[in-house]
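Numbering (our numbering), first residue to last: 212 to 562. Note that beta-carbon positions come from the ideal geometry of N, C-alpha and C, so glycine has one too. Accompanying notes for the structure given below.
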Ligand SMILES: *Cc1c(COP(=O)(O)O)cnc(C)c1O
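See below:
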């Protein structure tokens, strides 16, 4: 699968490796919705164990994990407390208000992370006038603000606040394993006290499709009803689940390489005139690049970098986001930094 560009747009852009494809091709399969697919069963057991939860369910996407969790935890008119930049707030086409019929209650954290005090302040005083606060969602790692890791003490304090007020705790763990590898804190420790938690297989883990949602027996039972209801039940899904099992065996420890590559990219770009990059804020595999000090806006940078063979997207008028992953080598990171520097010193130079 030759590619002729440097792919920094997203960790979703990876292609399954030959070994992963082999694992998929030779997977034992059955009927997933009848619980008769041995490979899906192995995957969900593995992820339940990873998070220290009773059970898990295989779903086609992380978005569906968030949506089903909201639908199980919340009723019509309820509120979901989440950080303003969170995927469940701004990247799921308002799904929570359609399926769960719950409203997001966005709060402003620092690089995607809010405190227990902020969470508590956002909980409505129970009253027939107010929406009912029902669920707190945290995103580990916080994606759109640069892959920030939520510190364990911070998470624990929020879990306590939720317990005190009878709210459900949900973790959007799309990249939770990046946090695990960066900190050495286990997924089980991060997930302690949560009512629902999931991991995406199609981000840093390099699978083509899929996510796994974990929780109590009762939660997963209800999640299955939603999965059925919205058309997420599958058949011989072991073909795809095999990629997940393979990735959990082979693509977790290596996330450290992505983190080192992201840090290196940030360090190099931070020395380029006209680019604003803060290496100290690069916790994992995501680098935020502010181009407001240069002559061009982010879409122009994206276009010109694309012409030079570096693919990455603007996430704001003056902001680019670069992600490292399985399909970006340290040499490519070096080349990308050279191209950035060349453009910044030349045609896109600081005014
Ligand atoms: C990608 C992502 C999702 C959604 O996952 P999909 O598999 O793309 O549906 C949710 N939350 C975060 C933080 C993500 O990065």
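*asked:* Do residue 323 and residue 302 count as a contact pair if the criterion is CB distance below 7 angstroms?
replied: no
*Cα separation between residue 492 and residue 439?*
41 angstroms
*Between the region 454-462 and the region 303-312, do three or more beta carbon pairs fall short of 8 angstroms?*
no
*Got a sec: does ligand 1 put a non-hydrogen atom nearer than 6 angstroms to the Cβ of residue 389?*
no
*Quick one, which of 233, 389, 296 and 368 has its alpha-carbon nearest residue 329's?*
368
*Can you tell me which of the three DSSP states residue 235 falls into?*
helix
*Determine contact between the region 501-518 and the region 439-455, defined as no fewer than three beta-carbon pairs at a distance below 8 angstroms.*
no
*asked:* Could you check whether the region 399-418 touches the region 255-266, counting it as contact only if at least three pairs of C-beta atoms, one from each stretch, sit closer than 8 angstroms?
replied: yes
*How is the alpha helix (DSSP H) around residue 280 delimited, first residue to last?*
273-284
*Would you check if the distance between the CB atom of residue 386 and the CB atom of residue 352 is smaller than 7 angstroms?*
yes
*Output the distance between the C-alpha atoms of residue 554 and residue 375, rounded to the nearest integer angstrom.*
54 angstroms
*Could you give the C-beta distance for residue 342 and residue 289, rounded to a whole number, given that I count them as a contact under 8 angstroms?*
6 angstroms
_Local Cβ density within 10 Å of residue 237, reported as buried at 16 or more and exposed below that_ = exposed
*asked:* Measuring only the C-alpha atoms, how far is residue 235 from residue 454?
replied: 6 angstroms
*Taking the CB atoms as reference points, tell me whether residue 431 and residue 347 lie closer together than 7 angstroms.*
no
_Buried/exposed call for residue 339, threshold 16 Cβ in 10 Å_ = exposed
*Cβ of residue 384 within 7 angstroms of Cβ of residue 410?*
yes
*Is it buried or exposed for residue 215, if we count other Cβ within 10 angstroms and need 16 for buried?*
exposed
*Reducing DSSP to helix, strand and coil, say where residue 531 ends up.*
strand
*asked:* Tell me the rounded alpha-carbon separation between residue 365 and residue 326.
replied: 6 angstroms
*Please classify residue 194: is it buried, with 16 or more other beta-carbons within 10 angstroms of its beta-carbon, or exposed?*
What is shown of the chain runs 212 to 562, which leaves residue 194 out entirely.
*With which residues is residue 217 paired in a DSSP beta bridge?*
521
*Could you check how far apart the C-beta atoms of residue 498 and residue 477 are, in whole angstroms? I think they sit under 8 angstroms.*
5 angstroms
_Residue range of the beta strand (DSSP E) that includes residue 270_ = 266-270
*Return the first residue and the last residue of the alpha helix (DSSP H) that residue 316 is part of.*
From DSSP, residue 316 is part of no alpha helix (DSSP H) but of the beta strand (DSSP E) over 314-318.
*asked:* Any heavy atom of ligand 1 inside 6 angstroms of the beta-carbon of residue 326?
replied: no
*Closest by CA to residue 564, which one among 535, 545, 508 and 253?*
Because the chain spans 212 through 562 in this model, residue 564 falls outside it and cannot be assessed.
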